[in-house]
Every structure is written in structure tokens, then in C-alpha cells.
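As numbered in this note's numbering, the sequence shown has no gaps in its residue numbers, which increase by one up to the final residue, 332. Heads up, the beta-carbon is just placed ideally off N, CA and C, and yes, glycines get one too. One structure is given below, encoded as C-alpha cells.
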Amino acid sequence: MIVFGEMVCRWSQMSAVMLLLTFMACSQEKNAAPATNQQARAEQVAGRKNFGSRGMVFTPLPAVMIATYDANQNPDVMMAAWAVQSDYNKVVLNLSSHKTTDNIRLKQAFTISFATVKTLNESDYFGLVSGNDVPDKVARAGFTATPSPNVDAPIIDQYPLTLECRLYSFTETGDGGATIVGEVVNMSADESILGENGRVDLEKLQPVVYDSSAYIYRMVTDSVGQAWGSGRIIQQR
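Here is the structure:
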């Protein structure tokens, strides 16, 4: 009975210590919460209107058209703005849960084209309608698809510039979406958008970009300067 009593006593002491530690941890978390929230609030920049982190404008945002096949080789296209070139032959897409995300996971491939002034209505439609709800949305838009000879993905015939991409990496984001890196194995362009030098001429392509501040599309317009050249006027001072 004496041993049992000692055990009860020690257990009671341990329980009291555990309760005290738990209370202290909770108190620290409560006290730390305002500091964490304080850190999350950005300091105001004097002389400017401050927006915080919500409604962030990042420009330019491309109107990228991602084309994929599903398990039945049915073509699908969606528009995305969160895309960027990350290397000489790699592109990065940040997608939430979409049919396109599932198709890329399945087929390990996709193609990228670009919305143009000529294809604006159809391109916007591809961003409005999900392939899960309208499986034949490519045909409904009046567009056609040709299988890529390099990857298991469709080339949308009405887009004159296309990148054929093999999946390089697929990182799940935990919400059904993913950060996707594609390796470009080929770029093909219709002759109608090539300049005299044989390169793609953006004035002929007439791609559009997404204006996230006004929720509109804007056309890529005239040349305003020479890359690695316009700044020489300052360099030579």
C-alpha cells in the first residue's frame, strides 16, 4: 500500500507538472498570436496607396492556353495566367484542381499556345468552361486538334504558335493542384506569324496578356526599345 501511495503521489505530481506546462504553452501561443498577426500586416508606405498582399498586380500575365488529352484521348484546353519560362527550355505552371491538372498527371505531357486577338473569344471560353462539365468544349468552340508527334498531347490547330512539353516535375500543393514544370521538346509556328528573319514575329502573332488590375485582356503592341541596347545611353554617360 505504501508503494501504491507513492506511485499515486508521483503520478499526481507529474500530472500537475504536465497541466502547468500545457497551460504555459497555451498562454505562450495566445500571447504570440498578436505578434504573428502583427508581422502579417505590412507597414504602410508613405505617399502611396497601400493594398497589402490582396489583389496583387503582377504584369505582364500571359494568356496561356494549355492543351491536354484525357484517358480517352479527348482533347481539352484551359486558359491560365500563372505561367512563366524558367529556363531555356522549361516552363512552370501553377494550377489549382482542374481537369487539365489531372490530365497532365495522367499523360505526363501538355502543349502550350497563346491567346491572340483573333482567337480571343474562344480562348476566354476555354477559361470559363471546365472540361469536366463540357467534355467537347474544343469542338463547341469550333476548334480542332492534331496529335503532337513528340508528346502525348494535342496541338490546337487554330493557335499558330505551340510549345510541346514533356512533364519534368509535378509537385502537389495539397489542394488538388500542383506546381508543374514542363520541358519543351519542340516549338512549332505557322508560317503566317514568321518575320523576314524566319523568327516568330509578335506583331503578326498578336498575343494578348491578362490585366489583373482591370480584369481585361490587352494586346502586345509596338516595339518601344531595343533589348540590351536602349540602356546604353545611360551606360555611356
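> Based on the DSSP secondary-structure assignment, which residues constitute the bridge partners of Arg261?
Replying inline: Ala204 and Glu278, per the DSSP bridge assignment.
>> Using 8 Å for Cβ pairs, my map puts Ile288 next to Leu258. What's the rounded Cβ distance?
In response: About 14 Å; that fails the 8 Å criterion.
>> Quick check on this structure: which residue in Pro157, Val140, Asn145 and Gly147 has the alpha carbon closest to the alpha carbon of Ser307?
In response: Residue Pro157 is the option with its Cα nearest to Ser307.
> Ordered along the chain, which non-local residues of its own chain (more than five positions away) have a Cβ less than 7 Å from that of Cys121?
Replying inline: Because the pLDDT at Cys121 is just 42, under 50, the model does not fix this residue reliably, and the value given afterwards should be weighed accordingly. Correct list: empty, nothing qualifies.
>> Measuring alpha carbon to alpha carbon, tell me which residue in Arg149, Ile329 and Thr163 is nearest Asp197.
In response: Comparing alpha carbon positions, the residue from Arg149, Ile329 and Thr163 closest to Asp197 is Thr163.
> Can you tell which of Asp247, Asp252, Ala234 and Ala176 has its C-alpha closest to the C-alpha of Ala166?
Replying inline: Ranking the options by Cα distance to Ala166, first place goes to Asp247.
> Among Thr268, Pro244, Thr274 and Phe153, which one has its Cα closest to the Cα of Asn281?
Replying inline: Nearest option by C-alpha distance: Pro244.
> Given Ser191, which residues of its chain have a CB within under 6 Å of its CB, disregarding the five upstream and five downstream residues?
Replying inline: Excluding sequence neighbours, Ser191 sits near Gly272.
> Below 8 Å, can you find three or more Cβ-Cβ pairs linking the stretch 166 to 176 to the stretch 220 to 235?
Replying inline: Taking one beta carbon from each stretch, the stretch 166 to 176 and the stretch 220 to 235 have 3 or more pairs nearer than 8 Å; the two touch.
> What is the C-beta distance between Val304 and Tyr312, in whole angstroms, given that I count them as a contact (C-beta under 8 Å)?
Replying inline: Confirmed, about 7 Å.
> Using a Cβ-Cβ cut-off of 8 Å (strictly less than) and excluding sequence neighbours within five positions of Trp177, which residues of its own chain qualify?
Replying inline: For Trp177, where only same-chain residues beyond five positions count, the Cβ hits under 8 Å are Leu156, Leu188, Asn189 and Leu190.
> For Gly277, which option in Ser264, Thr268 and Thr214 has the closest C-alpha, if you only look at C-alpha atoms?
Replying inline: When each option's Cα is compared against that of Gly277, the closest is Ser264.
> So is Gln393 buried or exposed if we call it buried at 16+ other beta carbons inside 10 Å?
Replying inline: Within the shown structure, residues of the chain are numbered from 96 to 332, placing residue 393 beyond reach of any answer.
>> Counting C-beta neighbours from all protein chains within 10 Å, is the total for Ala137 16 or more, i.e. buried, or is it exposed?
In response: Ala137 should be labelled exposed.
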